[in-house]
Amino acid sequence: MKTAIYPGSFDPVTLGHYDIIERTAKMFGRVIIGVLNNKMKSPLFSAQERVNMLKEVTANLPNVEVQSFDGLLIDFVRQNSGGIIVRGLRAITDFEYELQMAQTNRVMAPEVDTIFLTTNLKYSYLSSSIVKEIAENKGNISEFLHPSVAEMVQAKFRGQA
Ligand code: PNS
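Numbered per the UniProt record's numbering, the sequence shown spans residues 1 to 161.
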C-alpha cells in the first residue's frame, strides 16, 4: 500500500488544498497530511488548530490522516516509512520554488520522490494568504473555504478564537 505525504502550512486549508487531498486519496492507499509546525513563522492558527480543521474537512476520506511535524520534511517522510511527497502546482510562478524544494529534498533523501498535481483551474488563483487578507478586510470568503473553516477564520478576525 503506497503512502503519499501531502505537506504544507495550511493556514488555513483552502478548497484548493482539499481538491489535491481528494485526488491524492483516490490514487494512494494511504495519505498523510503533514502540517508544518514552524516556530519561525507566525501563523494565524496554531499547528493543533490546523490539524483539527484538516481532520474535520477530510472526515469523509477514510484513508487520509493528519499529523503535524517540525523540522525537515524528509525526516517526517522517513518516519512514516518512506512514501511520496505530493505538492500542488497552481501556476508557473509556483514552479521555481517547488522545483528547488523537490530537488533539495531529493539530494538529501534520494529514495523520496516528489510528484506534482496541477490544481483544479477553479482554484488556480487561490492562496491561504489571499483568503486571510480578504477575511481581515471583512470580505466574503465562503467561495474559497469549507464552511467550518470559513467560520473559524472569521472568528479569529473577530477576536473570538
Ligand atoms: O504550504 P507551504 O507553506 O507552501 O508548504 C511548505 C512546506 C511545509 C512544504 C516546506 O516549507 C517544508 O517542507 N518545510 C519543512 C522544512 C524543510 O524540510 N525544508 C527543506 C525543504 S527544501
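Beta carbons are placed, not taken as given, at the ideal position from N, Cα and C, and that holds for glycine.
Item checked: Span separating the alpha-carbon of Lys26 from that of Val51 -> 21 Å
Check: How many angstroms separate the CA atom of Ile134 from the CA atom of His17?
Finding: 18 Å
Checklist line | Through-space distance from Pro62 to Ile20, alpha-carbon basis | finding: 15 Å
Next item on the list: Quick one: residues in its chain with C-beta nearer than 6 Å to the C-beta of Phe116, no 5 flanking neighbours on either side, listed in chain order?
Entry: Arg87 and Leu89
Notebook entry, point to check: Under the three-state reduction of DSSP, which class applies to Ser9: helix, strand or coil?
Noted result: coil
Note to self: Given a cut-off of 8 Å on the beta-carbon distance, is the pair Leu126 and Phe144 in contact?
What the structure shows: yes
Margin query: Does the distance between the C-beta of Leu73 and the nearest non-hydrogen atom of the ligand PNS fall short of 7 Å?
Written below: yes
Checklist line | Option in Ala155, Gly71, Met53 and Leu72 with minimal Cα separation from Glu65 | finding: Met53
Item checked: Gly139 burial status per 10 Å Cβ neighbour count (16 or more: buried) -> exposed
Check: With Ala4 and Thr24 assumed to form a contact (beta carbons below 8 Å), what rounded beta-carbon distance in angstroms separates them?
Finding: 5 Å
Margin query: Less than 8 Å between the beta carbons of Leu36 and Gly8, yes or no?
Written below: yes
Next item on the list: Could you check if residue 238 is buried or exposed, using at least 16 other CB atoms within 10 Å of its CB as the buried criterion?
Entry: There is no way to answer for residue 238, as the model of the chain reaches only from 1 to 161.
Notebook entry, point to check: At what residues does the beta strand (DSSP E) containing Leu89 begin and finish?
Noted result: Ile84 to Leu89
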